[in-house]
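Working notes for the structure below.
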Amino acid sequence: MNLPDIVKSLHTVKTSLNEWENTYSMWLSDKYEKNFIIYSYEKPVGWMKLNGFDGDAVWISMLVILPEYQRKGFGCFAINCAEKFAADCGFEKTCIHTQSDNIKAQGCYVKCGYKAIEEYECTCGDGEKLIGYTFEKKLEN
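If you want our numbering, it's the position in the sequence shown, counting the first as 1, plus 18.
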């Protein structure tokens, strides 16, 4: 997560090991959040976090793929897994937010059948103001 390309694309700041360990402990105890590590063989190449289990949609609140593994199908694979998880749990749709400058992510979501349903101004974790988009896909149960 602390790779410069990822920090820039997520509009976040570098995270210390102590912060990661504390966050990881919280993930394990949060029944409203599911975290998945995406592997290429035995190498972890991505992370996906799902939440929002209290409505009609599961939210993909984080999807990060290492830069050298992007555009190789790992993002679509993760999104398909999220959709299957959501459908198996009886949810009607999956949703995800992104910013206007994350063109690769937008392309991945559209490729996976998502539609942009909302555009809004947002302030990112690094303080930058951008246009944000909400993408949605209705699931076939």
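Ideal Cβ positions, reconstructed from N, Cα and C, are used throughout, including at glycine.
Mind checking whether the beta-carbon of residue i lies closer than 7 Å to any heavy atom of the ligand HEM?
i           : result
residue 155 : This structure lacks the ligand HEM; in fact it carries no ligand of any kind.
Identify the continuous alpha helix (DSSP H) that holds residue i and give its terminal residues.
i           : result
residue 125 : 121 to 129
residue 94  : 92 to 106
Return the CA-CA distance between residue i and residue j, expressed in angstroms with no decimal places.
i           : j           : result
residue 147 : residue 67  : 24 Å
residue 120 : residue 145 : 16 Å
residue 84  : residue 64  : 6 Å
residue 117 : residue 124 : 9 Å
residue 52  : residue 42  : 11 Å
residue 54  : residue 45  : 11 Å
residue 60  : residue 96  : 16 Å
residue 122 : residue 40  : 30 Å
residue 34  : residue 90  : 29 Å
Between which two residues does the beta strand (DSSP E) carrying residue i extend?
i           : result
residue 137 : 133 to 141
residue 150 : 147 to 156
residue 54  : 51 to 58
residue 117 : 111 to 117
residue 64  : 61 to 69
residue 84  : Here residue 84 belongs to no beta strand (DSSP E), and DSSP marks it neither H nor E.
Kindly indicate which residue of the options has the alpha-carbon position closest to the one of residue i.
i           : options          : result
residue 110 : 157, 87, 43, 61  : 157
residue 106 : 71, 129, 83      : 71
residue 108 : 124, 41, 76      : 76
residue 112 : 55, 78, 61       : 78
residue 98  : 73, 137, 131, 89 : 131
residue 151 : 95, 115, 133     : 115
residue 136 : 129, 155, 122    : 155
Between the beta-carbon of residue i and the beta-carbon of residue j, is there less than 8 Å?
i           : j           : result
residue 92  : residue 127 : no
residue 36  : residue 50  : no
residue 47  : residue 87  : no
residue 129 : residue 94  : yes
When the Cβ atoms of the region 141 to 148 are set against those of the region 94 to 106, are three or more pairs found closer than 8 Å?
no
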